[in-house]
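Peer 1: Protein sequences appear in the order of chains A and B.
Residue numbering for the first sequence follows this note's numbering, starting at -19 and increasing by one per position.
Residue numbering for the second sequence follows this note's numbering, starting at 232 and increasing by one per position.
Every residue gets a Cβ at the ideal spot worked out from N, C-alpha and C, and that includes glycine.
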Amino acid sequence: MHYESNVREPLILGDKSYKDITVDVARPVETAAPKAWWIVFSISLVMFLWGVGCILYTIGTGIGVWGLNKTVGWAWDITNFVWWVGIGHAGTLISAVLLLFRQKWRMAINRSAEAMTIFSVIQAGLFPLIHMGRIWMGYWVFPFPNQYGSLWVNFNSPLLWDVFAISTYLTVSTVFWYTGLIPDFAMIRDRAINPVQKHIYKILSFGWGGKAKAWQRFEEVSLVLAGLATPLVLSVHTIVSMDFATSVIPGWHTTIFPPYFVAGAIFSGFAMVQTLLLIVRKIFKMEAYITIQHIEMMNIVIMVTGSIVGVAYITELFIAWYSGVEYEQYAFLNRATGPYWWAYWSMMTCNVFSPQFMWFKKLRTNLIFTFLISIVVNIGMWFERFVIIVTSLHRDYLPSSWSMFSPTFVDIGIFIGTIGFFFVLFLLYARTFPVIAQAELKTILKSSGESQKKHHDPHGAH
Amino acid sequence: MAHTEHTPVVRALYLDDDVVLDAVKSLRGKGIKVKEVYSPFPIHGLDKAMGLKETRIAMAAFIYGLIGLTVAITITSYMMNLDWPQNIGGKPSMTWGKNMPAFVPIMFELTVFFAAHLMVWTFMIINKLYPGAEPQNPDPRTTDHHFMIEVAAGEGVVDALKDTGAIEIAEA
């Protein structure tokens, strides 16, 4: 029953037992934070507080403090929104889609990837809210009965679909994540010595005891949630892309957007997972669980999705020419050769060219190279959204209203603030939550543990 | 659960999931009722070996999804087509049926929203899981690397448990 072909590489390295997994996963929670953690946390906190200041300034003064003008009405705000939502997609892809495909390698990384999803969707949600200007009226996006008639929200609008999609995505991802965390919180609760810590984890673990019937239901719930989250994650970025695609702006009005945005989202999300996990495995010494093989698998996903994105860029160019619509043709010519050529070619270099290095096994198993590419990819994906949004807007049908966009310190401050907020949340998570789904990982120890696999080898000593 | 019946139980600890699975099979073969198994992770085939019924939570999720879909159809048709129909981008606002393609995203999202959340709530309630609940496992080691079988006390039970490879047996 616990057998797996020896052709498959072990997923858990070294001579680990069930007990070792418990100890290794609980260690970051039970021991003092390393110095590196405090340094990164302090920097993130400062960035976060700077962002809070800029957000408060925006709310107090109005969005006139941003660099927007009457031609470019969407710029960094929506760029950042789409960028953060996209990053979130990899977490759900790893935990849900790879669960449905029975990819066991997901087990070491799904917890952190899902945490990343939730934290990045929180950042994403901030931008539409503050872009409203009057944030205290934010609840108007929900269909509440009111004294204007009742005047309802417009269910025909992709912006409203977005409200429903992002809310569903954030909350469903959170319960998916939390359900999986309950048995692991119980493990920490049962090991805790400090009474305060024990009490906190008792609250968090909901009294979980690992009864047979509870496990049976747990597995069914995980499977159904994965089945629900898979179309959900595809729908979210599809709907985000429809914010653009259903408009009549040249450069936005294209039917390729939904699959192209989803591929881009997975691409940037996996890059962010790489960035985070390479740090986590180093700082918390998780090399036995997050192995080179895991890194390599994710690099292959980055390579494939990066190439899909590249094909989408080229298809867009082709269709712009083939459509015969001169406005469409100009929009793309302007992207590549207009005043924002540097943004377009940064995007092309980072997203299409850089992932091609992953064809080489030496490079995709090299940790430093992987880390660099993961950052390059996320810079590229930020530029992609900037290019789509700003270059399509800045030269509209009336040349007299053509303009350029330049961000103010507030635009930049809020973006930096969300990066800080994201890392503050992730670092707090990494110190207080079990960063690896240890209960799940224990189920594959006998089939995929390195020393356990050797025992199954028919030609081995056993 | 203990407060409804006070029958004494015998608890045996094990160190390996395969041993537990075999133990459950052999105990049931001897006619001893296995009341509960506590394990740090799900053991495949254990529910069948213990004779547990299949869970119906997936069916519940399906019904919750249908409720969500109904809610979506109700609110879109009431708000967009009945209460205050408007001409929005020339979309047909007089009948829900013709306006429906624009509501597909909302219908999908609410189906998922209801199915996922209500299923998780159901899961928490039927397993008696809530913030601050007392741990359900009698021995803290069963969330780490030990496994526990709980059987009703009776003659020969302890010996039968010993035969199955238990490392520790306690009557409670």
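Helix, strand or coil for A:G44 per DSSP?
Peer 2: If DSSP states are grouped into helix, strand and coil, A:G44 belongs with the helices.
Peer 1: State yes or no: is the C-beta of B:V265 within less than 8 Å of the C-beta of B:V388?
Peer 2: No.
Peer 1: Using a Cβ-Cβ cutoff of 9 Å, what residues of the stretch 154 to 172 of chain A are near chain B? List them in chain order.
Peer 2: Flagged, chain order: V155, F156, Y158, T159, I162, P163, D164, A166, M167, I168, R169, D170 and R171.
Peer 1: Which residue's Cα is closest to the Cα of A:F156: A:K191, A:L140 and A:A93?
Peer 2: Measuring from the Cα of A:F156, the nearest candidate turns out to be A:A93.
Peer 1: Does the count of Cβ pairs from the stretch 194 to 212 of chain A and the stretch 46 to 56 of chain A closer than 8 Å reach three?
Peer 2: With a cut-off of 8 Å, the stretch 46 to 56 of chain A and the stretch 194 to 212 of chain A do not count as touching, because too few Cβ pairs lie within range.
Peer 1: How about A:A311 and A:P230: do their beta carbons lie closer than 8 Å?
Peer 2: Cβ distance < 8 Å, so A:A311 and A:P230 count as in contact.
Peer 1: Given B:E399, which residues of its chain have a CB within under 8 Å of its CB, disregarding the five upstream and five downstream residues?
Peer 2: Once the five neighbours on either side are set aside, the close Cβ partners of B:E399 are A243 and L244.
Peer 1: Note down the Cα distance separating B:A233 from B:N358, rounded to an integer number of angstroms.
Peer 2: In this prediction, B:A233 has a pLDDT of 48, which is less than 50 and means its spatial position is unreliable; what the coordinates show is noted afterwards. Distance between the alpha carbons of B:A233 and B:N358 is about 15 Å.
Peer 1: State yes or no: is the beta carbon of A:V152 nearer than 8 Å to at least one beta carbon in chain B?
Peer 2: Yes, its Cβ sits closer than 8 Å to a Cβ of chain B.
Peer 1: Going straight from the alpha carbon of A:A300 to that of A:I219, what length do you get?
Peer 2: Their backbone Cα atoms lie some 22 Å apart in a straight line.
Peer 1: Quick one: grab the DSSP three-state call for A:A441.
Peer 2: Bear in mind that the predicted position of A:A441 carries a pLDDT of just 45, short of 50, making it unreliable; the figure below should be weighed with that in mind. DSSP places A:A441 in coil when its eight states are reduced to three.
Peer 1: Using a Cβ distance threshold of 8 Å, determine whether the stretch 205 to 215 of chain A contacts the stretch 139 to 149 of chain A, with at least three qualifying pairs required.
Peer 2: Contact holds: three or more Cβ-Cβ distances are below 8 Å.
Peer 1: From this set, A:Y240, A:L257 and A:M266, which residue's C-alpha is nearest A:T285's C-alpha?
Peer 2: Minimum Cα distance to A:T285 is reached at A:Y240.
Peer 1: Show which residues of chain A have a CB atom less than 8 Å away from the CB atom of B:I288.
Peer 2: Near B:I288 (Cβ distances below 8 Å), the residues of chain A are R197, E200, V201 and V204.
Peer 1: Are any of the Cβ atoms in chain A nearer than 8 Å to that of B:S257?
Peer 2: Cβ-Cβ to chain A under 8 Å: no for B:S257.
Peer 1: Take the Cβ of B:K404 as the centre, count every other Cβ of all protein chains shown within 10 Å, and call the residue buried at 16 or more, exposed below.
Peer 2: The first residue shown for chain B is 232 and the last is 403, placing residue 404 of chain B beyond what the model contains.
Peer 1: Quick check on the burial criterion: 16 or more other C-beta atoms within 10 angstroms. Buried or exposed for A:I416?
Peer 2: Label assigned to A:I416: buried.
Peer 1: I'd like the span of the alpha helix (DSSP H) that includes A:A145, first residue to last.
Peer 2: It spans P138 to R171 - the alpha helix (DSSP H) in which A:A145 sits, taken as one unbroken run.
Peer 1: Is DSSP giving B:M232 helix, strand or coil here?
Peer 2: For B:M232, the predicted structure reports a pLDDT of 47, less than 50, and the residue's modelled location is therefore unreliable. A value from the coordinates is still provided. Here B:M232 sits in coil by DSSP.
Peer 1: Take A:R261 as the anchor and find which of A:K(-1), A:S130, A:E(-11) and A:R7 has the nearest alpha-carbon.
Peer 2: The candidate whose alpha carbon is nearest that of A:R261 is A:R7.
Peer 1: Residues in its own chain within less than 6 Å of A:I353 by CB, not counting five upstream and five downstream?
Peer 2: Hits under 6 Å: S334.
Peer 1: Say whether chain B places a C-beta atom closer than 8 Å to the C-beta of A:I219.
Peer 2: Interface residue, yes.
Peer 1: Determine, using beta carbons only, whether B:L404 comes closer than 8 Å to chain A.
Peer 2: Outside the modelled stretch of chain B, which goes from 232 to 403, sits residue 404 of chain B, for which no answer is possible.
Peer 1: Any beta carbon of chain A sitting closer than 8 Å to that of B:M310?
Peer 2: Closer than 8 Å: yes.
Peer 1: Do you know how far the Cα of A:W232 is from the Cα of A:A316?
Peer 2: So the alpha carbons of these two residues sit roughly 15 Å apart.
Peer 1: Excluding sequence positions up to five away, which residues of its chain have a Cβ less than 7 Å from the Cβ of B:M281?
Peer 2: Hits under 7 Å: V255, V265 and V268.
Peer 1: I'd like the span of the alpha helix (DSSP H) that includes A:R365, first residue to last.
Peer 2: Unbroken alpha helix (DSSP H) run through A:R365: L347 to F366.
Peer 1: Closer than 8 Å, CB to CB, is A:A104 near chain B or not?
Peer 2: No, A:A104 lies away from the interface with chain B (no Cβ there is under 8 Å from its Cβ).
Peer 1: Are the C-beta of B:A403 and some C-beta of chain A separated by less than 8 Å?
Peer 2: No, B:A403 does not count as interfacial toward chain A.
Peer 1: Might you give, ordered along the chain, the residues of its own chain that have their beta carbon closer than 7 Å to the beta carbon of A:E(-11), omitting 5 neighbours on each side?
Peer 2: If we look at A:E(-11) and ignore the five residues flanking it on each side, its Cβ neighbours are Q273.
Peer 1: Please name the residue in B:P362, B:A364, B:Y361 and B:E402 whose C-alpha comes closest to that of B:M379.
Peer 2: Among B:P362, B:A364, B:Y361 and B:E402, the Cα nearest to that of B:M379 is on B:E402.
Peer 1: How would you write the range of the alpha helix (DSSP H) that A:E276 sits in, first residue to last?
Peer 2: It spans I272 to S303 - the alpha helix (DSSP H) in which A:E276 sits, taken as one unbroken run.
Peer 1: Cβ atoms of A:M96 and A:L256: under 8 Å apart, would you say?
Peer 2: In this structure, A:M96 lies closer than 8 Å to A:L256 by Cβ.
Peer 1: CB A:I39 to CB A:L425, shorter than 8 Å?
Peer 2: No, the pair does not count as a contact, with Cβ atoms beyond the cut-off.
Peer 1: Could you work out which residue in A:P123, A:I236, A:G304 and A:G42 is closest to A:V291 when comparing CA atoms only?
Peer 2: Here the closest residue by C-alpha is A:I236.
Peer 1: Quick check on the DSSP output: the alpha helix (DSSP H) that includes A:M338 runs from which residue to which?
Peer 2: Taken as a continuous stretch (DSSP letters only), A:M338 belongs to no alpha helix (DSSP H), as it is neither H nor E.
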